[in-house]
Structure formats: C-alpha cells, structure tokens
Amino acid sequence: MRVHFTGADFARTSISRHPAPLVELKLSLMMLRRRDNDVFFGRWRRRLRTALPATTRPLWDLVSGYRGPPFIDPLSVTVPEGLDAVHATPPGRVRDDIERLYAHRTSPPPPWLRDLLGGDAGAWHMLHRALEDAYQVALGRTWPAVRDLHRAEFTRYALTAAGSGVSRALTALVPGSQLTDPGTWQLTAPYRRDIHLGGRGLILLPAFHWTGMPVVADLPGQPVLLAYPAGPGLPVPLPGRQDPLPAVLGQTRSRVLRLLADEHTTSEVARLAGISQIGRAHV
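Under our numbering, think of the first position of the sequence shown as 112, with each following residue one higher.
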C-alpha cells in the first residue's frame with residue numbers, strides 16, 4: 112500500500128490529539144471476529160463474546176474480521192458526538208458503504224439494513240443502540256487506560272517528528288514501512304493500493320485493540336485517516352484485573368513484552384526487567 116504525499120501533505124500530517132471511541136470500537140469488533148493472535152487475545156475474545164448483549168447483534172451484519180463500513184466509525188472525541196456524526200452521514204455514502212461491504216458477501220443485506228437505507232427511524236435507533244452498548248461492554252471500563260496509552264503515543268510521535276522530521280516519525284509508527292521517492296510512504300499489505308493525498312493531509316490514529324495492518328479511511332474532500340496498531344499488541348487490561356500475561360509467558364517475558372511498547376535499548380530493557388547479562392540471551 113502506497114500513500115503519496117505532496118509537499119503540502121507533509122505540512123498537513125498530524126496525529127489525532129485524542130483517541131476516537133467509535134474507531135477503536137470498530138477495530139475491536141474486527142479483532143474479536145478474527146482468529147489470529149489467540150495466545151494474547153483468546154481470553155479477551157471469550158470474555159467479550161460472552162458479555163456482549165443481544166442488542167449488539169446488528170453489528171455482525173456490518174463488521175467482519177477484516178472490514179467494516181466507514182460510516183459507523185467517524186473521528187470523534189466522545190461516543191455521543193460520534194453517534195450524531197453517524198446519523199448525519201449522507202444517505203448516498205451510507206448506501207455506497209453497504210454496497211461495497213456486501214459485494215464481498217454471498218448473502219444480501221438483511222431487512223434492517225434495507226430499512227436503514229430507506230431512512231427508517233427504528234433501524235437507525237437499532238444501530239445507535241448496538242454501537243452504544245458494544246462500546247460500554249468492550250471499551251467503557253478500559254477507556255481511561257486507552258486515553259493514557261494514546262497520550263504516550265502522541266508524545267512519542269511528537270518527539271520523533273520534532274527531533275528527526277515527519278518522514279522518520281512516519282516510518283517509526285509502522286515497522287517495515289519506508290519512505291521512497293518522491294514522497295511515497297510504502298507499507299506492506301496483502302494487496303496493491305495507491306492513496307493520493309493531493310493536499311488533503313493525513314491524520315494518524317493509534318489503535319490499541321488491533322494488530323493487523325493499518326486501516327485507511329479515504330473520503331473525498333477530507334484528510335485521509337490512517338489507524339495503525341500501537342501499544343504492546345495486547346488487549347488493554349480491565350482496571351483492577353490481574354495481568355494474564357505472566358501465566359502464559361512467565362513474569363520475565365511478559366515484563367519484556369510490555370516494555371517493548373516503548374523505545375528502549377537492549378541494555379535498558381535488561382535493566383528495567385531485572386534481567387542479568389547471562390540470562391538476557393535466554394529471554
């Protein structure tokens with residue numbers, strides 16, 4: 112996947128100042144429907160499948176393990192603000208999003224989605240209730256921790272951009288990505304896609320319940336949004352819940368994995384994790 116910058120786009124590239132609850136929610140639900148990373152996400156998936164109420168079932172008609180319609184996850188600071196933006200989506204864009212989604216499926220859209228496209232108030236209420244209830248169960252208790260993680264990622268990007276420039280900050284966000292000339296950010300993907308910013312700029316959004324490749328929302332006349340996996344690549348733990356990692360990896364390995372969410376030298380990791388010189392090679 113190649114993102115093409117003009118000079119103006121580099122000047123208009125920024126990282127979102129706040130996490131976006133509905134974007135984090137959609138990526139969380141996509142992660143829930145996937146089967147990879149089960150060592151780290153298996154317990155989280157089992158808990159969430161059990162906890163999600165029946166009111167959230169309409170979302171499974173929209174979200175798969177690899178895609179979901181852009182209109183359900185606008186960039187917003189709060190859930191109510193996001194739900195208002197969902198409802199304000201132009202009908203033509205809602206129709207386009209759903210048609211693109213069901214072009215990859217063998218079954219047609221269910222009746223409630225057809226009602227939604229017709230502007231039915233009951234269908235819109237059903238969607239709003241599904242999103243709100245899913246947020247409360249999946250993210251409500253962990254949202255303060257997500258805000259803290261976002262603040263740390265925002266600071267990391269800002270310091271890298273200030274010290275080494277936007278190009279270095281971009282490639283540091285996504286391992287394996289690179290800036291090629293002239294002004295093309297190249298990311299590994301299982302398909303070919305070219306995104307031309309054309310002066311609109313780029314908004315970067317770290318996501319903390321997603322370990323797949325970056326997800327892009329490219330809407331006409333708007334800055335391109337690129338959500339990328341950030342943090343340690345683990346579910347954000349519930350407050351007061353004992354960390355499950357040591358039971359899977361052991362105390363030392365789990366401590367090292369969490370330390371690697373931030374940039375450290377090997378010596379710093381060894382010191383902070385309490386690893387001896389001899390034991391370091393066996394971690």
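For glycine and all other residues, C-beta sits at the position ideal for the given N, C-alpha and C.
- Hey, quick one: how far does the alpha helix (DSSP H) through residue 198 stretch, first residue to last? Here the alpha helix (DSSP H) through residue 198 covers 190–198.
- Query: Across which residues does DSSP place residue 306 in a beta bridge pair?
  - Reply: According to DSSP, residue 306 bridges with 114.
- Item | Alpha-carbon spacing of residue 153 relative to residue 293, whole angstroms | Rounded to the nearest angstrom, the gap between the Cα atoms of residue 153 and residue 293 is 42 Å.
- Is it buried or exposed for residue 184, if we count other Cβ within 10 angstroms and need 16 for buried? When all chains shown are included, residue 184 counts as buried.
- Item | Exposure of residue 128, with buried meaning 16 or more beta-carbon neighbours within 10 Å | Counting Cβ neighbours within 10 Å, residue 128 comes out exposed, since fewer than 16 surround it.
- Query: If residue 223 and residue 237 are in contact, beta carbons under 8 Å, what's the gap, nearest whole angstrom?
  - Reply: Right, their Cβ atoms sit about 6 Å apart.
- Does the Cβ-Cβ distance between residue 233 and residue 244 come in under 8 Å? In this structure, residue 233 keeps its C-beta atom at 8 Å or more from the C-beta atom of residue 244.
- Query: Roughly how many whole angstroms lie between the Cα atoms of residue 137 and residue 160?
  - Reply: If I take the Cα positions, the gap works out to 15 Å.
- Task: Could you name the residues of the same chain whose beta carbon sits closer than 7 Å to that of residue 279, not counting the 5 residues immediately before and after it, in chain order?
- Result: Within the same chain, residue 279 has close Cβ partners 271.
- Query: What three-state label does DSSP hand residue 272 in the structure shown?
  - Reply: In the three-state reduction of the DSSP assignment, residue 272 falls in the helix class, which pools H, G and I.
- Rounded Cβ spacing between residue 181 and residue 330 (contact assumed at less than 8 Å): About 7 Å; that satisfies the 8 Å criterion.
- Reducing DSSP to helix, strand and coil, say where residue 228 ends up. Residue 228 falls in the helix class under three-state DSSP.
- Item | residue 330: first and last residue of the uninterrupted alpha helix (DSSP H) it sits in | Careful: residue 330 lies outside any alpha helix (DSSP H) and carries neither H nor E.
- Query: With burial defined as no fewer than 16 other Cβ atoms inside 10 Å of the residue's Cβ, what is the status of residue 267: buried or exposed?
  - Reply: So residue 267 counts as buried.
- Query: So, are the CB atoms of residue 120 and residue 276 less than 8 Å apart?
  - Reply: No, Cβ-Cβ distance for residue 120 and residue 276 is not below 8 Å.
- Query: Taking one C-beta from the region 204–211 and one from the region 143–158 each time, how about it: are there three or more such pairs within less than 8 Å?
  - Reply: Taking a contact to require three or more Cβ pairs closer than 8 Å, the region 204–211 and the region 143–158 do not qualify as touching.
- Item | Reference residue 189, options 247, 118, 117, closest by Cα | If we check each option's Cα against that of residue 189, 247 comes out closest.
- Message: Considering just the uninterrupted stretch of the beta strand (DSSP E) at residue 202, what are its terminal residues?
- Response: Looking at the DSSP string, residue 202 is not in any beta strand (DSSP E); the run it does join, the alpha helix (DSSP H), is 202–213.
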